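There are 2 protein chains.
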Amino acid sequence: MTAPSSPGTDSTGNTPARAVAEPTLEAAADEIDAGLEHGTLVTVFGRCTVEYDGRASSSLPAGNRFLLLKPDGTTLVHTATGQKPVNWQPPGCDHTLDSREGTLSVRATRKTPEEVLTVTFQRIFQVGRFELDDPHTLEVSGTEADLKDRILSRPSLIEPGFQPLATERQTPAGAVDIYGRDSQDRIVVVELKRRRVGPDAVSQLRRYVTVLEDELHTDATVRGILVAPSVTPRAERLLAERGLEFVSLDPTGEA
Amino acid sequence: MTAPSSPGTDSTGNTPARAVAEPTLEAAADEIDAGLEHGTLVTVFGRCTVEYDGRASSSLPAGNRFLLLKPDGTTLVHTATGQKPVNWQPPGCDHTLDSREGTLSVRATRKTPEEVLTVTFQRIFQVGRFELDDPHTLEVSGTEADLKDRILSRPSLIEPGFQPLATERQTPAGAVDIYGRDSQDRIVVVELKRRRVGPDAVSQLRRYVTVLEDELHTDATVRGILVAPSVTPRAERLLAERGLEFVSLDPTGEA
DNA sequence: AAGTCGATATCGCCA
DNA sequence: TGGCGATGTCGACTT
């Protein structure tokens, strides 16, 4: 691997990082092309406009922005602020380049749904290439799955005598997180949330309870228990109005 | 502004982009510090481990990854795949550096909630600095707001004789998208979705209808109409079981 | 390919 | 600041 011949390069022989500063648009195109071909992360910093059309559509006038092109087709346009890119395209896209009339366009396209993102550079200050290498996958703890495990290993956390019968039990309204029985043999539906919940979680639990009462042809009430660290005031009111219950638990037991 | 003295720099005098290749960890620390001070976007590419602790927690063993530090405190750790960063921190964080024992740690911290993200580099291949400049804010079309405007300008799209009375009408269960009256003076609650909807949207509409029937002390049924391009099978079944209605509309009228 | 739901969701608005 | 709901949500898993 040799350093590129363009002026301004700072690549040394054996580094997984390369950068070309102040390239002509033609030199930039070559460098981007090579990076895409080589399966590296490509970054482009320059003055550009951005057009998006697909599930929605948007248009962004010229400004200095930072573009990332991942080997998996992911495309991210970042500005100085915000966690989310100002425009983007998900993994699986095809990257194509188009030079014309003193501009260089990077286009990311996908189908199902049909979507096109076009970043048109009037000027490019730097192109970078990076050989990412990540043998590990991230494991997160403190999730809803952890909360479920915690309850299954100690059902009395819900209440004394609670017996889990199934997880992910299917109903016409979706899968119930934990389906079980209380000390008086009443059916209990448990909906889990890893964090403080609002009205949406109450509605979800209510859906399961209603559908199960229909399905089981039972005159006895099916109990619905929402398990979360806490609830908002409006959610609490909705719980009361619907005859649903709440148990305060968090995924780790540390809070 | 002068080019940094570190070997391998490719910065020219008057560019909004700088890069330092193969810096020592000390030189990298200086460059990152200067970039943070100067309010530029800072990128760091190197071999690192990542630790996160806050709303959840995670740990990532060493690998080559791409770090972005935005002037607003946003912190993004990107790998070769995926649209979302493997680890991150939202805007408003404080960036601090910590050198020790042959490593350089970049730490992003916030409060409410208390969260810490630590990226520890064993090796750094490149540090970049970029002066982003974006005078424009993005406007997206094809949103739920567009769908609302379309209906308000032509209420008969819902049905002949439909009269909107209010938008964002408050109820104890939240704000109703469009609150109105039909040709027979029955109250109508309209819930808008910009795209194909599942069971959650049906539950949301059901919540509003139920609460309004209570609030209005009316024996007459409050009609609930879900407006979206289409519904999933399970959502359709739930609509039928709850006596709710569906009108097919999209935000643009082009689909 | 589509449905369903969780997420360190993020983001914007409003009380 | 917290509550609330939209999002071009994304992503994982199941059918």
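Sequence order for the protein chains is U and F. Here the first sequence is numbered in my numbering, starting from 1 and rising by one per residue. Here the second sequence is numbered in my numbering, starting from 1 and rising by one per residue. Note that beta-carbon positions come from the ideal geometry of N, C-alpha and C, so glycine has one too. Computed from a prediction, not measured in an experiment: that's the story for all the values here.
Which same chain residues, not among the five before or five after residue i, have their C-beta less than 6 angstroms away from its C-beta?
i	result
residue 242 of chain F	206
residue 5 of chain F	The pLDDT assigned to residue 5 of chain F is 38, lower than 50, so where the model puts this residue is not dependable; a value taken from the coordinates is nonetheless given after this. Answer for residue 5 of chain F: no residue qualifies.
residue 115 of chain U	54
residue 12 of chain F	Low per-residue confidence applies at residue 12 of chain F: pLDDT is 48, beneath 50, and the placement is therefore not dependable enough to give any value.
residue 144 of chain U	192, 194
residue 223 of chain F	186, 188
residue 234 of chain F	199
Counting only Cβ pairs nearer than 7 angstroms, list the residues of chain F close to residue i.
i	result
residue 160 of chain U	Near residue 160 of chain U there are no residues of chain F at all, since even the closest Cβ is about 29 angstroms away, more than 7 angstroms.
residue 16 of chain U	64, 125
residue 45 of chain U	17, 130
residue 253 of chain U	In chain order: nothing, as chain F lies at least about 14 angstroms away.
residue 86 of chain U	138
residue 41 of chain U	66, 80
residue 229 of chain U	Neighbours of residue 229 of chain U on chain F: none; closest Cβ ~11 angstroms, over 7 angstroms.
Can you grab the Cα-Cα spacing for the pair residue i / residue j, in whole Å?
i	j	result
residue 60 of chain F	residue 81 of chain U	26 angstroms
residue 75 of chain F	residue 108 of chain F	7 angstroms
residue 20 of chain F	residue 71 of chain F	19 angstroms
residue 99 of chain U	residue 103 of chain F	43 angstroms
residue 27 of chain U	residue 33 of chain U	10 angstroms
residue 256 of chain F	residue 172 of chain U	Here chain F covers residues 1 to 255 and nothing more, so residue 256 of chain F does not appear.
residue 197 of chain U	residue 129 of chain U	43 angstroms
residue 249 of chain F	residue 202 of chain F	16 angstroms
residue 24 of chain F	residue 132 of chain U	20 angstroms
residue 52 of chain F	residue 138 of chain U	11 angstroms
residue 221 of chain F	residue 232 of chain U	29 angstroms
residue 16 of chain U	residue 16 of chain F	23 angstroms
residue 93 of chain F	residue 58 of chain F	18 angstroms
residue 97 of chain U	residue 31 of chain U	11 angstroms
residue 213 of chain U	residue 219 of chain U	8 angstroms
residue 166 of chain U	residue 110 of chain F	39 angstroms
residue 22 of chain U	residue 79 of chain U	20 angstroms
Using C-beta distances below 7 angstroms, list every residue in its chain close to residue i, excluding the 5 sequence neighbours before and after it, in chain order.
i	result
residue 77 of chain U	50, 65, 67, 85, 86, 87, 88, 119
residue 113 of chain F	54, 55
residue 36 of chain F	42, 69, 95
Using a Cβ cut-off of 9 angstroms, pull out every chain U residue sitting near residue i, in sequence order please.
i	result
residue 70 of chain F	78, 79, 80, 81, 82, 83
residue 143 of chain F	56
residue 167 of chain F	Simply none; closest approach about 19 angstroms.
residue 155 of chain F	Under the 9 angstroms cutoff, chain U gives no residues; its nearest Cβ is about 24 angstroms from residue 155 of chain F.
residue 150 of chain F	Within 9 angstroms Cβ-Cβ: nothing; residue 150 of chain F doesn't reach chain U, min ~14 angstroms.
Name, please, each residue of chain U whose Cβ falls closer than 8 angstroms to the Cβ of residue i.
i	result
residue 139 of chain F	58, 59
residue 33 of chain F	Residues of chain U passing the Cβ test: none, with the nearest at roughly 18 angstroms.
Taking DSSP's pairing of strands, which residues face residue i in a bridge?
i	result
residue 309 of chain U	This structure does not reach residue 309 of chain U, given that chain U is present from 1 up to 255, and the question cannot be answered.
residue 48 of chain U	U/63, U/121
residue 140 of chain F	U/58
residue 53 of chain F	F/57, F/116
residue 191 of chain U	U/226
residue 95 of chain F	F/108
In chain U, which residues lie less than 7 angstroms from residue i when you measure between Cβ atoms?
i	result
residue 136 of chain F	60, 61, 63
residue 133 of chain F	63, 64
Can you list, in chain order, the residues of its chain whose CB lies under 8 angstroms from that of residue i, leaving out five sequence neighbours each side?
i	result
residue 157 of chain F	150, 151, 247, 249
Assuming residue i and residue j are in contact, meaning their beta carbons sit under 8 angstroms apart, how far apart are those beta carbons, in whole angstroms?
i	j	result
residue 190 of chain F	residue 177 of chain F	6 angstroms
residue 46 of chain F	residue 136 of chain U	The Cβ separation is near 15 angstroms, so there is no contact.
residue 146 of chain F	residue 251 of chain F	4 angstroms
residue 180 of chain F	residue 163 of chain F	5 angstroms
For a contact defined as C-beta to C-beta under 8 angstroms, what are the partners of residue i on chain F?
i	result
residue 200 of chain U	200, 203, 204
residue 25 of chain U	Within chain F, no residue comes near residue 25 of chain U; the closest Cβ sits about 15 angstroms away, beyond 8 angstroms.
residue 173 of chain U	199, 234, 238
Find the residues of chain F that neighbour residue i, judging by a C-beta separation of less than 9 angstroms, and give them in chain order.
i	result
residue 109 of chain U	Near residue 109 of chain U there are no residues of chain F at all, since even the closest Cβ is about 15 angstroms away, more than 9 angstroms.
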